[in-house]
RNA sequence: GCGCCGGUAGCUCAGUUGGAUAGAGUACUUGACUACGAAUCAAGGGGUCGGGGGUUCGAAUCCUCCCCGGCGCACCA
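Numbering (my numbering), first residue to last: 220 to 806.
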């Protein structure tokens, strides 16, 4: 596989450099990491290319010519090197023999479904938090980009050997919940005839989804619920409403193939006194103080009330201003409980954390990272993945969503219209820090313009070959058992070699995706791999010798089926990570 | 005003972490189905990588200053 090839040739190169160092040709303080082999963009530049000459020639005390002769002749002597060329401003390009790609494919097939997934996590615990939408209503389309990005990142971490927990933080303690509860109490009053006026101007949540919840409460507690103590019935209605809405949310998430391992309650942090402990901890570190925040300049803040609050010194951690941990009414801020929440994760053994947020929370990043840094003495690492907003279109025209008029499109509706596969793929087919245009008409289109279809079609096409084999009564199946004696050296068409090279990139793509938390890389890679496959297929249309099934030549057929098996495996591995089905037939 | 994110072909976007002549799709033009799925493929034109300056063998990528667009900016979440 390619990482092996890189490793092998980098080692050879570094050994040559060490030789030069020992002979005092170059200085011994040269950083060898900077001298490496890369895959050239342009196929004409060979299979591997090194910058060694560019980096080192100036540093050496021999001539450029002597230097290049030394490197080239040594590389030429390396096994499986076809030719070595000095090119461009000083690159050394390596052209490898096909045999290296044959053994590469064999190695891929030996690894079977494990190919690409190196165990780099070594069972380290990782906490991945995503969605975490307020439990005040069904999830809408705006939530689903972060949901899908988070879920894909979590799937990948798992496959790379980490001990992953998928987590959802439930904000069940704030002011939004008080408003939500008021809204349900209002409906309850209407239902039980306690009020006849339909004056709902003070009611913040007006969605119809609250009606079945209210009816459910009415059914369970009858019309006399409000005879109880106000605190008591409020608490009953609140808890009932939250758990009902969480059920809806879980159902919505399941529809897009997401299941969290833990729904963590903000309220529990307060009840268990973890929040106070946490703030004490920061006070002891001298990171909380009482002070007054200035009114922000140049923007209009209504009801600004200058007062003293308890503040966290987030400016110590790169933030613009210090941030409040207490509100006007003396209760804690959302930020305060968020500190406690992250500290709780840390105490559960998750020193490595990933959060997925919408870009509208970007301003919140520094204070949370700072607070976590403070409270764990820098022992936790928190990666925050920000994703930009989604703009909806239908037939090229923007679809407006407004919270006020209650016109938001739920995840439920979108999935029913376009399907989970298309939704998940589209949400990943863009860099997460670029805004995403989501056009309903485009994601259901069956064309090259729609990547999910294009990739799934490639996968199904491969299995059509399997069906054809049966039809022709050829005794070869898509199974490693049948292919153990494959002669890989029969694969010599330029497009076949190109496909093997592409497959060989897969492990590197996965590592880059993990390292940067950029799942779109997988979606793009699968698209390119599919494209290379479709090309080979059509070459077979033009040239019978290149068809996968060759009735007169069973060995050749076997070698090609082995290639198909490897492609289908990588496609499936990739699609599994991004949570999209791999159908063996299209319908 | 401050902060974060964008600006790459007519349009929608990638760009191997600093590499060579910057790539796909789409649109437009033209060609390939007596077929292992044409729902696909092949070929062609199309660019001051927002602009200036800097760093070096080498910049779309790093630094700096501007321009344009999006989001955020006591307390809410």
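Each residue gets a CB set at the ideal place from its N, CA and C atoms; glycine is no exception. The model shown is predicted, which means the values in this text are computed figures rather than measured ones.
Task: Beta-carbon contacts of residue 509 that lie in its chain and below 8 Å, excluding the five residues immediately before and after - done: 527, 528, 529 and 530
Open item on the list: Suppose you measure from the CA of residue 290 to the CA of residue 235; what does that come to, to the nearest Å?
Closed with: 7 Å
Open item on the list: Output needed for residue 552: all residues of its chain with C-beta closer than 7 Å, excluding positions within five of it in sequence on either side, in chain order.
Closed with: 543, 544, 545 and 546
TODO: Can you check the region 581 to 618 for any beta strand (DSSP E) of at least 3 residues that lies completely inside it and give the ranges in chain order?
DONE: 600 to 606 and 609 to 613
Task: For residue 245 and residue 279, believed in contact at Cβ under 8 Å, the rounded distance - done: 5 Å
Open item on the list: Can you check which of these residues, 438, 385, 225 and 471, is closest to residue 639 by C-alpha distance?
Closed with: 471
TODO: State whether the region 556 to 573 contacts the region 488 to 499, with contact taken as three or more CB pairs (one from each stretch) at a distance under 8 Å.
DONE: yes
Open item on the list: Assuming residue 370 and residue 343 are in contact, meaning their beta carbons sit under 8 Å apart, how far apart are those beta carbons, in whole angstroms?
Closed with: At roughly 19 Å, the Cβ-Cβ gap does not stay under 8 Å, so residue 370 and residue 343 are not in contact.
Task: Contact the region 590 to 603 vs the region 639 to 659: 3+ CB pairs below 8 Å - done: no
Open item on the list: Taking only three categories from DSSP, how would you classify residue 221?
Closed with: Legend: pLDDT at residue 221 = 47, less than 50; position of this residue unreliable, value from coordinates given subsequently. Helix at residue 221.
Task: Pair within 8 Å by beta-carbon distance, residue 368 and residue 587 - done: no
Task: residue 423 and residue 386 closer than 8 Å at C-beta - done: no
Open item on the list: Looking only at its chain, what residues have a beta carbon closer than 7 Å to the beta carbon of residue 746, apart from the 5 residues adjacent to it on each side?
Closed with: 670, 673 and 674
- [ ] Classify residue 667 as helix, strand or coil using the three-state DSSP reduction.
- [x] coil
TODO: Find out if the Cβ-Cβ distance for the pair residue 328, residue 784 is shorter than 8 Å.
DONE: yes
TODO: Quick one: grab the DSSP three-state call for residue 479.
DONE: coil
Open item on the list: Quick check: what's the CA-CA separation for residue 538 versus residue 458?
Closed with: 36 Å
TODO: Decide if residue 308 is buried, meaning its Cβ has at least 16 other Cβ atoms within 10 Å, or exposed.
DONE: exposed
TODO: Rank 608, 400 and 797 by C-alpha distance to the C-alpha of residue 651 and give the top, closest one.
DONE: 608
TODO: Would you mind sorting residue 283 into buried or exposed? The rule is 16 or more other CB atoms within 10 Å of its CB.
DONE: exposed
TODO: Mind checking which residues open and close the alpha helix (DSSP H) that includes residue 572?
DONE: Per DSSP, residue 572 belongs to no alpha helix (DSSP H); it is in the beta strand (DSSP E), 571 to 577.
TODO: Compare the beta carbon distance of residue 403 and residue 467 with 8 Å and say whether it is the shorter of the two.
DONE: no
Open item on the list: Just to confirm my understanding: we take residue 233, look at its own chain, exclude 5 residues before and 5 after, and list those with CB closer than 6 Å. What are they?
Closed with: 251
Open item on the list: Measuring only from the beta carbon, is residue 241 closer than 7 Å to any heavy atom that is part of the ligand FAD?
Closed with: As presented, the structure is devoid of all ligands, the ligand FAD included, so that no description of it is given.
Task: Backbone CA spacing between residue 388 and residue 557 [nearest angstrom] - done: 9 Å
Open item on the list: Assuming the contact rule is C-beta atoms closer than 8 Å, residue 777 and residue 705 should be a hit. Round their C-beta distance to whole Å, please.
Closed with: 5 Å
Open item on the list: Checking the sheet assignment: what are the DSSP bridge partners for residue 382?
Closed with: 344
TODO: Report yes or no: do three or more beta-carbon pairs, one from the region 713 to 726 and one from the region 781 to 801, lie closer than 8 Å?
DONE: yes
Open item on the list: Assuming residue 528 is part of the beta strand (DSSP E), what are its boundary residues?
Closed with: 527 to 531
- [ ] Starting from the C-beta of residue 361, find all residues in its chain whose C-beta is less than 8 Å away, skip the five residues before and the five after it, and write them out in chain order.
- [x] 577, 608, 609, 620 and 627
Open item on the list: Let me check understanding here. Comparing Cα to Cα, which of 719, 709, 575 and 391 lies closest to residue 775?
Closed with: 709
- [ ] Give a yes or no on contact between the region 344 to 360 and the region 297 to 305, applying the rule of three or more CB pairs nearer than 8 Å.
- [x] no
Task: C-beta contact flag for residue 726 and residue 335 at 8 Å - done: yes
Task: Inter-residue spacing [alpha-carbon to alpha-carbon] between residue 400 and residue 634 - done: 29 Å
Task: Uninterrupted alpha helix (DSSP H) stretches inside the region 426 to 487 (no shorter than 4 residues) - done: 429 to 440 and 449 to 474
TODO: Tell whether a beta-carbon distance below 8 Å holds between residue 460 and residue 477.
DONE: no
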